[in-house]
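Note that the protein sequences, when read in sequence, are chains A and B.
All letters in the first sequence, in the order written, are residues 6 to 128 by the working numbering.
All letters in the second sequence, in the order written, are residues 2 to 282 by the working numbering.
In this text, a Cβ means the ideal position worked out from N, Cα and C, and glycines have one as well.
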Amino acid sequence: MKIVISSTGEDIKSDVDGRFGRCAYFLAVEVEDNKITNVACEKNKGAMQGQGAGIAAAQQVGNMKPDKIITGNLGPNASQVIKGLGIPVYQASGPVEDALTALADGKLAELTETVPSHFGMNK
Amino acid sequence: MKIIGITGGKGGTGKSTVATAVAVELARRGKKVLLCDMDADCPNDHLLLGIERKQACEVFQRIAKWGLDKCDNCGKCAKVCRNNAIVCVEGSAPMFMAKQCNGCGACVIECPRDAISWDEKVVGAIYKGSNFGIDLLSCELEINEPVSEIVVAKACEIIAADKGKYDHIIVDTAAGTHCDVIAALGVCDAALCITEPTPLGAHDLELICKLLSRMKIDFEIVVNRYETGRDKIVDAVVSKYRKAVFAKVPYSKKIMMDYSNAVPVKHKSIEKITAWIEGSA
């Protein structure tokens, strides 16, 4: 299973980035039998977009083909795209590795509410 | 007949106050006047003239239209879209975010299978009304729509078509020097810049003077609330572009009361401006 997480840094010791569209990195974590088999990092190309950051970021994540997504908050545009792709999103904060454990233990809630447009700007 | 723009750069300098006062004064002199409120984001000439507007037409913006039966998910449309209005994830059909689309048409040109054509959405409306013997044309942008210039451009088409019916057309622009202001000034033969004696007034006056010079539109400068602030800093800008301030509107209790009560302002400066407009016709 592949999980993509919005992250403040390039490895799983970093914190989950509370923003989706304007987060710093996306970590693609491959998990098999509750063990991490691979971690790949992509810079979020959406972060520097003038407008439509959430859309660009959602497209990038969509192309990473995840089974699940973990982030802090999701804006209305990104949410529309990810819903369209049918990928479940889970909410977390704190270190990425802890969020992955919580997800495996079924302790992360699915993210259903969106935050207003431009929530992640200048943060 | 010359179309006169009332502009000024800074907001709140009295563009609408002067535009409505001058339009009323021209009507008093027996002229057929069309006043155009081109501030599509915040139109309020109708409030100053006690006009209840009626919608004349809606204004549409073209946007892309999807025909997914022809689409083979190549993703070229998403790559070319600068507004991120198209999402194309490998293996899924492209998604179209209509709110982001500004109708540039790049996707229509880029699509190798002619899958994309044109659709439209309402972005605003043009209203009409009359009072004090003047006809008013009023632009209004829908809330949350970003491009007021589209509504202004539609009003410009109406002005071009109705031009023959009037002795004078006054075009009251929005503040600033952006596309909506440029579109409105595009139909004008001459302009008046209304400013105020403050650092902000002087700074923004210079911006609009530069724009009008570049557009090769003759203009005069009017200072509102004269002698209440720093007249000298405005004079410094004026001297770069004109011999002198053309007209000075004082800051008087009478003018403020009239403005608050939606009574068109009367003052000798307004008469001077009116005479200038009559003379340039």
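query                                                                                                                                   : result
Per-residue DSSP class, three states only, for A/Val-101                                                                                : helix
Inter-residue CB distance, B/Ala-203 and B/Ile-222 (contact presumed, cutoff 8 angstroms)                                               : Rounded, the Cβ-Cβ distance is 11 angstroms, inconsistent with contact.
Test: A/Asn-49 CB closer than 9 angstroms to a CB of chain B                                                                            : no
Contact the region 28-46 of chain B vs the region 169-182 of chain B: 3+ CB pairs below 8 angstroms                                     : yes
Cβ-based contacts, 7 angstroms cut-off: residues of the region 50-61 of chain A near chain B                                            : Gln-54, Gln-56, Gly-57, Ile-60 and Ala-61
Cβ of A/Val-120 within 9 angstroms of any chain B Cβ                                                                                    : no
Buried/exposed call for A/Gly-91, threshold 16 Cβ in 10 Å                                                                               : exposed
Straight-line gap, B/Val-109 to B/Ile-64 (C-alpha atoms, nearest Å)                                                                     : 10 angstroms
Contact list for B/Cys-89 against chain A, beta-carbon separation under 8 angstroms                                                     : Gln-64
Residue-level contact to chain A via CB, B/Asn-74, 9 angstroms cutoff                                                                   : no
Paired residues, beta bridge with B/Asp-120 - DSSP                                                                                      : B/Ile-64
In DSSP terms, what B/His-169 is bridged to                                                                                             : B/Val-34
Assigned secondary structure, B/Met-98 (DSSP; H/G/I helix, E/B strand, else coil)                                                       : coil
Residue closest to B/Thr-21, alpha-carbon to alpha-carbon, out of B/Ile-274, B/Ala-282 and B/Asn-145                                    : B/Ile-274
Three-state class that DSSP yields for A/Glu-37 in the structure shown                                                                  : strand
Chain A contacts made by the region 243-255 of chain B, where a contact means CB separation under 9 angstroms                           : none
Of the residues A/Lys-7, A/Val-36, A/Asn-39 and A/Asp-20, the one placed nearest A/Gln-30, counting alpha carbons only                  : What sits at residue 30 of chain A in the sequence shown is Tyr, not Gln. Checking every option, the nearest Cα to that of A/Tyr-30 belongs to A/Asp-20.
Start-to-end residues for the beta strand (DSSP E) that takes in B/Tyr-227                                                              : 219-227
Proximal residues of chain A, C-beta to C-beta of B/Gln-62 below 8 angstroms                                                            : Correct list: empty, because the minimum Cβ distance to chain A is about 16 angstroms.
Cross-chain neighbours of B/Met-96 in chain A, by beta carbon under 8 angstroms                                                         : Gln-85, Val-86 and Gly-89
Cβ-based neighbour list, B/Glu-146, same chain, cut-off 6 angstroms, excluding 5 preceding and 5 following                              : Val-124
Short CB-CB distance (under 9 angstroms) between A/Lys-70 and chain B                                                                   : yes
Option in B/Met-2, B/Ile-4, B/Ile-5 and B/Gly-9 with minimal Cα separation from B/Thr-196                                               : B/Gly-9
Beta-carbon contacts of A/Gly-59 that lie in its chain and below 6 angstroms, excluding the five residues immediately before and after  : Gly-26, Gly-80, Asn-82 and Ala-83
Chain-ordered neighbours of A/Asn-78 on chain B, where CB pairs are closer than 9 angstroms                                             : The contacting residues do not exist; A/Asn-78 stays about 19 angstroms from chain B at best.
B/Glu-59 - DSSP class collapsed to helix/strand/coil                                                                                    : strand
Exposure label - B/Asp-181; buried when at least 16 CB within 10 Å                                                                      : buried
Sub-9 angstroms separation of B/Val-172 and B/Ile-5 beta-carbons                                                                        : yes
A/Glu-37 versus B/Glu-91 - alpha carbon distance                                                                                        : 24 angstroms
Length-filtered (3 minimum) beta strand (DSSP E) runs lying within the region 188-257 of chain B                                        : 191-196, 219-227 and 248-251
B/Ala-79: contacting residues in chain A (beta-carbon distance under 9 angstroms)                                                       : Gln-64
Beta-carbon contacts of A/Ala-107 that lie in its chain and below 8 angstroms, excluding the five residues immediately before and after : Ala-97 and Leu-113
Residues sharing a beta bridge with A/Tyr-30, DSSP                                                                                      : A/Ser-12 and A/Lys-48
Beta-bridge pairing of A/Lys-7 - partner residues as DSSP gives them                                                                    : A/Glu-35
Separation of A/Asn-43 from A/Glu-35, as counted between CA atoms                                                                       : 5 angstroms
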